[in-house]
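Reviewing the structure listed below.
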Amino acid sequence: DHLSILTDEGECFKVPLDGCHVGAGSRSRKTDYQPSFPSTKFILTHRLKNMAAVHVVFRYMPSVNKWAVIDHSPEPLGALLALRPGVAYPLSEGLRLKLGPLILRVGQT
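So for the sequence shown, the numbering used here puts the first residue at 74; every next one is plus one.
As structure tokens, then:
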């Protein structure tokens, strides 16, 4: 049930169980129509092109013992995630996942 954010520069940020958000700048203010987000922030300090103050949120769901990744990015197709080869990621109904030129959508059959 523990989550750590590891950067390519060797930094390790331990996400508290009440979650955190990731984004540019040291302060994040909730805007109209924006979903709520945890107050703890992993601050991005460089490579900030197209990064929002609240870009992505991590929330722990204790009832199912899983972490949720919530996209808050302003991009029309959402945030870019790097996934590991050979690792399975369960997808929930209604989720859309962009893989290169393809958009996969999980829906009812």
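Using N, Cα and C, we set each Cβ at its ideal position, and we do this for glycine too.
Here the structure is a predicted model, which means the values were calculated and not measured.
* Rounded to whole angstroms, how far is the Cβ of Phe115 from the Cβ of Val95, which I believe are closer than 8 angstroms? -> 5 angstroms
* **Residue range of the beta strand (DSSP E) that includes Leu175** => 175-178
* Asked: Between which two residues does the beta strand (DSSP E) containing Ser77 stretch?
  -> 76-79
* Starting from Gly96 and walking both ways along the beta strand (DSSP E), at which residues does that stretch end? -> Under the DSSP assignment, Gly96 falls in the beta strand (DSSP E) whose first and last residues are 93-97.
* Closest by C-alpha distance to Ala152, when choosing among Ser99, Asn123, Ser101, Met134 -> The shortest C-alpha separation from Ala152 is found at Asn123.
* **Alpha-carbon to alpha-carbon, Leu76 and Val137** => 15 angstroms
* Asked: What is the rounded straight-line gap between the Cα of Tyr106 and the Cα of Val160?
  -> 34 angstroms
* What are the residues that DSSP puts in a beta bridge with Tyr162? -> Answer is none; Tyr162 lacks a bridge partner.
* To do: Would you please state the rounded distance, in angstroms, between the beta carbons of Ala125 and Ala155? I believe it to be under 8 angstroms.
  => Actually they do not touch by this definition, with Cβ atoms about 18 angstroms apart.
* **Strand pairing of Tyr106, partner residues [DSSP]** => Tyr106 pairs with nothing; no bridge assigned.
* Sequence-distant residues of its chain with Cβ nearer than 6 angstroms to Arg178 (five each side left out) -> Excluding sequence neighbours, Arg178 sits near Arg169.
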